[in-house]
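Here the structure is laid out as structure tokens; the discussion comes afterwards.
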Amino acid sequence: MGFALLGTSGSCVSVRNSHHWNPKFQSFTLKGRFAVGFNLAKKFRAYNKLARFPLCKSEFVDFEERTSPNEVRKEIEQCYELIHRLGRGVVYLGSSRMGPDHPHYSQTQELAREIANLLDCTTWTGAGPGLMDAAIKGAQDAGKAVGGFKIGKEAGEWTSSNFHPYLPSETYLTCRFFSARKHGLVDAAVRSSNSDKTAVVALPGGVGTLDEMFEILALIQLERIGSELPVPFIVMNYDSFYAKLLDFLDDCEHWGTVSKGEVSSLWKICNTNSDALAYLAEFYSLPFPDKGTHETEMRSTARQL
1 MGFALLGTSG SCVSVRNSHH WNPKFQSFTL KGRFAVGFNL AKKFRAYNKL
51 ARFPLCKSEF VDFEERTSPN EVRKEIEQCY ELIHRLGRGV VYLGSSRMGP
101 DHPHYSQTQE LAREIANLLD CTTWTGAGPG LMDAAIKGAQ DAGKAVGGFK
151 IGKEAGEWTS SNFHPYLPSE TYLTCRFFSA RKHGLVDAAV RSSNSDKTAV
201 VALPGGVGTL DEMFEILALI QLERIGSELP VPFIVMNYDS FYAKLLDFLD
251 DCEHWGTVSK GEVSSLWKIC NTNSDALAYL AEFYSLPFPD KGTHETEMRS
301 TARQL
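In this text, residue positions in the sequence shown follow full-length UniProt numbering: the first is 1, and each later residue adds one.
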């Protein structure tokens with residue numbers, strides 16, 4: 001069956017007594033043309049009646065339901081169940097490419113150990129290599145709970161297995177969907193009561209880390225999270241790693257794309273682990289030694305490790 005159709009973008013097409021079930025239509029306008037192709041649902045074949053299909057660009061006709069929305073929803077529910085079982089805590093975002101030979105790896109391991117001891121909470125990561133692995137090991141050094149949301153591809157490479165090399169299987173979830181993984185990482189940091197001690201810690205990282213950082217930053221900015229119970233958001237600016245990004249955000253203030261002081265009010269920039277620990281201790285009104293004493297203790301502990 002073939003035919004031509006002329007009409008507006010709101011026109012309808014009638015199909016009668018057709019034996020071809022993969023029709024395609026083209027609509028021409030003064031500004032251009034667009035095509036619509038679809039498969040007719042099987043139930044239409046049983047009827048010898050008029051079938052009408054709007055071609056309006058603003059409408060979307062889905063003849064065969066996609067399965068992915070249900071699968072994503074189920075995976076998000078699994079993330080929430082894992083968080084409910086292990087408890088909310090500190091979420092670490094960071095590079096999967098900085099391995100044990102990188103100085104930021106050892107700094108992250110020390111930071112995660114100290115924060116786990118300070119807040120006595122679960123440590124959450126993307127359960128991948130690099131700085132995520134350092135945060136996991138730091139929390140384990142402190143003897144605290146660890147949870148994770150793993151994904152199949154990290155550092156630009158597909159992992160050889162969906163299983164974590166040393167975490168117990170009941171403490172992490174291997175996600176198929178990035179959207180579900182992000183839901184999990186956000187929910188793990190949301191405070192549901194005054195007794196919850198959570199935080200987001202953004203470590204040095206690349207595109208994936210920046211994506212996660214700014215998504216959470218936007219949620220805080222729009223008061224979708226942290227409006228009633230604020231969540232501390234810390235950016236670890238090791239060796240001035242984020243200096244140029246911060247300069248760019250200053251430029252955004254100059255151009256008027258963000259309000260003056262808006263971004264700086266949403267997160268805390270920390271150059272050292274002691275800065276971050278002191279900030280969290282103050283935020284949650286916890287006892288914490290002075291900066292000089294604590295740095296000496298951390299260096300001593302690092303040498304012992």
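Glycine residues also receive a C-beta, built at the ideal position from the N, C-alpha and C atoms.
Buried or exposed (CB count within 10 angstroms, at least 16 for buried), residue i
i: Y172; result: buried
i: W124; result: buried
i: S179; result: exposed
i: R88; result: buried
i: K144; result: buried
i: P100; result: exposed
i: L82; result: buried
i: F163; result: exposed
i: T67; result: exposed
Pick from the options that is closest to residue i, judged by C-alpha positions
i: E170; options: G256, S68, R85; result: R85
i: A116; options: G130, H102, P129, Q140; result: Q140
i: A127; options: K144, E110, G152, L119; result: G152
i: P232; options: L277, M98, H164; result: L277
i: D187; options: A218, V207, E282, I225; result: I225
i: P69; options: S285, R176, F283; result: R176
i: Y80; options: Y238, L118, A145, H183; result: H183
i: W208; options: R181, Y279, E223; result: Sequence check: residue 208 is Gly here, not Trp. When only C-alpha atoms are compared, the closest one is R181.
i: L229; options: G148, Q109, L286, V190; result: V190
i: S161; options: F241, L185, P129, G147; result: P129
i: Q109; options: L219, L222, M236, E262; result: M236
Three-state secondary structure (DSSP) of residue i
i: T123; result: strand
i: V258; result: coil
i: F44; result: Low per-residue confidence applies at F44: pLDDT is 43, beneath 50, and the placement is therefore not dependable enough to give any value.
i: Y238; result: helix
i: V231; result: coil
i: V263; result: coil
i: S285; result: coil
i: I269; result: strand
Neighbour flag for residue i against chain B, beta carbons, 7 Å
i: E253; result: Considering every chain present, this structure includes no chain B. It has just one protein chain.
Sufficient close CB pairs (3 or more, under 8 Å) joining the stretch 264 to 272 to the stretch 126 to 135: Contact fails: fewer than three Cβ-Cβ distances are below 8 Å.
Three-pair Cβ contact test at 8 Å for the stretch 87 to 97 versus the stretch 202 to 221: Below 8 Å, enough C-beta pairs join the stretch 87 to 97 and the stretch 202 to 221 to call them touching: three or more.
Cβ contact (3+ pairs, closer than 8 Å) linking the stretch 187 to 198 and the stretch 99 to 116: Contact between the stretch 187 to 198 and the stretch 99 to 116 is absent: fewer than 3 CB-CB pairs across the two stretches fall below 8 Å.
Continuous alpha helix (DSSP H) assignments of at least 4 residues falling wholly in the stretch 120 to 205: Fully enclosed alpha helix (DSSP H) runs of 4 or longer: 131 to 141, 178 to 187.
Segments assigned beta strand (DSSP E), at least 3 residues, entirely inside the stretch 97 to 123: Listed in chain order, there is nothing to give.
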